[in-house]
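Colleague: Numbering (this note's numbering), first residue to last: 19 to 835. One structure, pasted below without further comment.
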């Protein structure tokens, strides 16, 4: 059963399956067809997200186990609803001693039946970078002992962490004070204990991005695939799930082959089910990148739509003046490309040095296997690989070493053009050879080519993620609403023609792709982004307000950079709670606590004035003190009052943006997803702020009419009712742009959809921040529209825009033909 509309739950110990079951009637009344669940398999104890899976063969007992899952599914099926689950094929959680497979590998090394499950270079002992200091110092401090009290002897680190010993070393153990004996035992293990700081340089197994607690899986191996997916296929066979969302598909050796295998295996396990499994992938699409049709999936999990919908709300006229404000505050580049290049160089050098060197090793061996490339030195290859990774425009390519999809050719051409200024004199042939190997056209031993290409592609993806999303996005403050997961800051705004084209293409190729505007990964809530987007239409007003705040703040801000202050001011404005008054001491204190937690993460991710590896307590303290000063001190009362006033002045425009975003998510081709709680305004910050408990009592009361209904919830309810009434239209109907004419044509996006004997007409207001500044309602006056008109498909005449938007910033009409 293809979902009509999904609702994302973030399951955890505090929110188990039983709690979701209680909410099934609410979701059904709202119009949801499927719960879309975060990972349900057994994760590390107390996991707040479920992505650190330690046992993929068992439903997480902290969530209620399989019995509770079955009960939830029964409640869903009783109402004609279903379940989609998030699966994690790329990695497993290996910290805390809870992963039996990993523990067996540590104990038995290559002899373990699970040694092939993990992507380990067994030419040397497996590095465990878990010590708080170098090994010799840890031994001297007595941080490493052998515990024999709990039955089977294990290494005990810091009196807390247990690491298994080789079976042959569990007898005749050294005395507690025998340091030489302990050192000898350590030297005989299949692993090597190391200082956590050496992981980036010396790790000899693939991890998830830069997280040492998550080890990469060799999912391309059939044995590994079957062992880690058996539970999913059983759940599908028994009718408990209707499909899956594949986490981080670009981390896999061959994502396309994996997706096709997944599709075939679901088909084989159907056991009489006639409906195909619903499969979407978490895939970050770069500029002009398209999801390959031959992967045989239903689409992405929606980051591409989130980017398009957000970009559509921005006024292109605001790009230059906002860039000037950013430069005047920060002294940093207006051009995001400069920031990205520096971040890529930093991350490749700081966080991926070890993985880079192993990639270079693979290409060096490959180059040595062919006469044409034998003269390339290892240093030449390293420089070429490094520089290619500096400029890679997408997460990765999809070659196998023997061939590559045709879509990769354009990417390789872009890379070749972008890398040219960085190539050392005389070394262009080295760069060209690597690109040829990525294309499957280079010389040398085929098995060596496959290994080298695999290592490059599994390196380019995490470099992109860490450099762009987790570094540059925290350094660049041009406009924060244009920096979120999957976004392209180089594209400040999207025109209506480009948006129409994207919707038509999705409808033609991936009509069931997921549409998201909020996720567990977003850096700013969907309504925070919508509010910040208003600034693109009123940059002159924003300049006046933000410079005024900065000049009158008169607090402990002298130690903060202008960039950090400017990013903070945007965040204060964007995240200011809707009902927070400037005199509400308790509310201001809670807001300050949220902002301080966000600021700490933002500073450490930016890696300019602080970092996770070496936090700068003095600078972070100054940042916290400034937030406290702004929100709680008497001296900054005027700043708070003006901030609150500015939020009020822009409320109508922000509401218009929010409602337009909602309308598009539920009407254009695709399957809309509603992230938990965002049926009401979402002004959340980056995780964990975006994963806080949701007040469902309030939402249920609103939906039942027991209390005043928020405009956003009311629109979602109406649109979901329309989707229920016309499933064929929304499940596969065509998409035809309407023609908009007149003076304000650039402020409208309109279209018609037809299918299943029904017709939908929809129009949304765009970029009206200036017209709505200070307004009480989220629609401009009738005079503002002048002669603007909309000509819907099939109409002989035009509809006046002023009439379409008389009651609000969204117009839609559903008629059965």
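Where a beta carbon is used, it is the ideal one built from N, C-alpha and C, also for glycine. No experiment lies behind these values; they were computed from the predicted model shown.
1) Sort 802, 477, 635, 395 by Cα distance to residue 451 and report the nearest one.
2) What's the gap between the Cα of residue 61 and the Cα of residue 621?
3) For a test of the three-state rule: what should DSSP assign to residue 276, helix, strand or coil?
4) Candidates 485, 38, 67, 132: which alpha carbon is nearest residue 53's?
5) Per DSSP, what kind of secondary structure is residue 660 in: helix, strand or coil?
6) Does DSSP classify residue 777 as helix, strand or coil?
7) What three-state label does DSSP hand residue 115 in the structure shown?
8) Rounded to a whole number of angstroms, what is the C-alpha to C-alpha distance between residue 547 and residue 492?
9) Could you compute how far the alpha carbon of residue 731 sits from the alpha carbon of residue 549?
10) Along the chain, where does the alpha helix (DSSP H) that runs through residue 801 open and close?
11) Return the chain-ordered list of same chain residues with a C-beta closer than 8 Å to the C-beta of residue 587, the five sequence neighbours on each side being excluded.
12) Which word fits residue 59, buried or exposed, when buried means at least 16 other C-beta atoms lie within 10 angstroms of its C-beta?
13) Pull up the CB-CB distance for residue 143 and residue 207, whole angstroms please, since I reckon it's below 8 Å.
14) DSSP state of residue 104, grouped into three classes?
15) CA-CA distance, residue 768 and residue 521?
16) Kindly give me the distance between the Cβ atoms of residue 322 and residue 274, rounded to whole angstroms, as I take these residues to be in contact under 8 Å.
17) From 44, 507, 476, pick the residue whose C-alpha is nearest to that of residue 416; which is it?
18) Is DSSP giving residue 74 helix, strand or coil here?
19) Closest by CA to residue 815, which one among 756, 831, 765, 797?
20) Is residue 440 helix, strand or coil when you go by DSSP?
21) Count the other CB atoms, across all protein chains shown, that sit within 10 Å of the CB of residue 241; report buried if there are 16 or more and exposed otherwise.
22) Going by C-alpha to C-alpha distance, which of 445, 737, 318, 159 sits closest to residue 528?
23) Tell me which residues share the same chain as residue 146 and place their Cβ nearer than 8 Å to its Cβ, disregarding the 5 neighbours each side in the sequence.
24) Considering only residues of the same chain and omitting the five flanking positions on each side of residue 34, which have a CB-CB separation below 6 Å?
25) Could you tell me if residue 95 is buried or exposed, where buried requires 16 or more neighbouring beta carbons within 10 angstroms of its beta carbon?
26) Could you tell me whether the Cβ atoms of residue 478 and residue 399 are closer together than 7 Å?
27) Compute the Euclidean distance between the alpha carbons of residue 721 and residue 830, then round it to the nearest angstrom.
28) Within its chain, find whatever has a CB closer than 6 Å to the CB of residue 785; leave out the 5 residues flanking it on each side and keep chain order.
29) Taking residue 750 as the reference, give the member of 229, 173, 316 with the closest Cα.
30) What does the Cβ neighbour count give for residue 723, buried or exposed, with the cut at 16 atoms within 10 Å?
31) For residue 166, does the count of other Cβ atoms within 10 angstroms reach 16, so buried, or fall short, so exposed?
32) If you measure between the beta carbons of residue 70 and residue 111, is that distance less than 7 Å?
33) Can you tell me whether DSSP reads residue 503 as helix, strand or coil?
34) Considering only the alpha carbon of each residue, which of 711, 674, 699 lies closest to residue 794?
35) In whole angstroms, what is the alpha-carbon distance linking residue 823 and residue 530?
36) Within its chain, find whatever has a CB closer than 6 Å to the CB of residue 30; leave out the 5 residues flanking it on each side and keep chain order.
Modeller: Inspection of the coordinates gives the following:
1) Mapped onto the chain shown, residue 451 falls at position 433. Just measuring C-alpha positions, the residue of 802, 477, 635, 395 sitting nearest residue 451 is 395.
2) Here residue 61 corresponds to residue number 43 of the chain shown, with the count starting at 1. Here residue 621 corresponds to residue number 603 of the chain shown, with the count starting at 1. Near 29 Å, if we compare the C-alpha coordinates of residue 621 and residue 61.
3) Locating residue 276 in the chain shown gives position 258, where the first residue counts as 1. In the three-state DSSP reduction, residue 276 falls in the helix class (H, G or I).
4) Numbered from 1 along the chain shown, position 35 holds the residue referred to as residue 53. Out of 485, 38, 67, 132, 38 has the C-alpha closest to the C-alpha of residue 53.
5) For the purposes of this step, residue 660 is taken as the residue at position 642 of the chain shown. Helix at residue 660.
6) For this step, residue 777 is matched to residue 759 along the chain shown. In this structure, residue 777 counts as strand in the three-state DSSP scheme.
7) Here residue 115 corresponds to residue number 97 of the chain shown, with the count starting at 1. DSSP places residue 115 outside both helix and strand once states are collapsed to three, so it counts as coil.
8) Taking the chain shown and counting its residues from 1, one reaches residue 547 at position 529. Taking the chain shown and counting its residues from 1, one reaches residue 492 at position 474. About 15 Å.
9) Numbered from its first residue, the chain shown carries residue 731 at position 713. Numbered from its first residue, the chain shown carries residue 549 at position 531. In this structure, the straight-line span from the alpha carbon of residue 731 to that of residue 549 is close to 17 Å.
10) By 1-based counting over the chain shown, the position of residue 801 is 783. Per DSSP, residue 801 belongs to the alpha helix (DSSP H) from 800-803.
11) For the purposes of this step, residue 587 is taken as the residue at position 569 of the chain shown. Taken in chain order, the residues that qualify are 564, 567, 568.
12) In the chain shown, residue 59 corresponds to position 41, counting from 1. Per the 10 Å Cβ criterion, buried.
13) Taking the first residue of the chain shown as position 1, residue 143 is located at position 125. Taking the first residue of the chain shown as position 1, residue 207 is located at position 189. Between residue 207 and residue 143 the Cβ distance is about 7 Å, and since that is below 8 Å, they are a contact.
14) Indexing the chain shown from 1 puts residue 104 at position 86. Note: residue 104 maps to strand in three-state DSSP.
15) Taking the first residue of the chain shown as position 1, residue 768 is located at position 750. Taking the first residue of the chain shown as position 1, residue 521 is located at position 503. Using only the alpha carbons, I get a separation of about 12 Å.
16) Taking the first residue of the chain shown as position 1, residue 322 is located at position 304. Taking the first residue of the chain shown as position 1, residue 274 is located at position 256. Incorrect: roughly 18 Å between the Cβ atoms, too far for contact.
17) As a first step, residue 416 must be located in the chain shown, where it is residue number 398. With distances taken between CA atoms, residue 416 lies nearest to 476 out of 44, 507, 476.
18) Start at 1 with the first residue of the chain shown, and residue 74 comes out as number 56. Of the three classes helix, strand and coil, the one that applies to residue 74 here is strand, per DSSP.
19) The sequence position of residue 815 within the chain shown is 797, counting from 1. Per the Cα distances, 756.
20) Residue numbering aside, residue 440 sits at position 422 when the chain shown is read from its first letter. Three-state result, residue 440: helix.
21) Stepping through the chain shown from its first residue, residue 241 is reached at position 223. Within 10 angstroms of the beta-carbon of residue 241 lie fewer than 16 other beta-carbons, which makes it exposed.
22) By one-based count along the chain shown, residue 528 stands at place 510. Distance from the Cα of residue 528 is smallest, within the candidate group 445, 737, 318, 159, for 318.
23) On the chain shown, residue 146 is found 128 positions in, with the first residue counted as 1. 124, 181, 209, 210, 211, 212.
24) Here residue 34 refers to the residue found at position 16 when the chain shown is read from its first residue. The residues are 81, 82.
25) Residue numbering aside, residue 95 sits at position 77 when the chain shown is read from its first letter. Counting Cβ neighbours within 10 Å, residue 95 comes out exposed, since fewer than 16 surround it.
26) What you label residue 478 is simply residue 460 of the chain shown in a count that begins at 1. What you label residue 399 is simply residue 381 of the chain shown in a count that begins at 1. No; because the gap between Cβ atoms is not below 7 Å, this pair is not in contact.
27) Counting from 1 along the chain shown, the entry for residue 721 is found at position 703. Counting from 1 along the chain shown, the entry for residue 830 is found at position 812. CA-to-CA, the gap between residue 721 and residue 830 works out to about 21 Å.
28) By 1-based counting over the chain shown, the position of residue 785 is 767. In chain order, 333, 555, 765 place their CB closer than 6 Å to the CB of residue 785, counting only its own chain and leaving out the 5 sequence neighbours on each side.
29) In the chain shown, counting from the first residue as 1, residue 750 sits at position 732. The residue among 229, 173, 316 with its C-alpha nearest the C-alpha of residue 750 is 316.
30) The residue labelled residue 723 in the question sits at position 705 within the chain shown. Exposed is the call here.
31) Counting from one through the chain shown, the residue named residue 166 turns up at place 148. That one is exposed.
32) As a position in the chain shown, residue 70 is number 52, starting the count at 1. As a position in the chain shown, residue 111 is number 93, starting the count at 1. Yes, they are a contact pair.
33) Position 485 of the chain shown holds residue 503. Correct three-state label for residue 503: coil.
34) Here residue 794 is taken as the residue at index 776 of the chain shown, counted from 1. The candidate whose alpha carbon is nearest that of residue 794 is 674.
35) As a first step, residue 823 must be located in the chain shown, where it is residue number 805. As a first step, residue 530 must be located in the chain shown, where it is residue number 512. Here the C-alpha atom of residue 823 lies approximately 29 Å from the C-alpha atom of residue 530.
36) Here residue 30 refers to the residue found at position 12 of the chain shown. Taken in chain order, the residues that qualify are 66.
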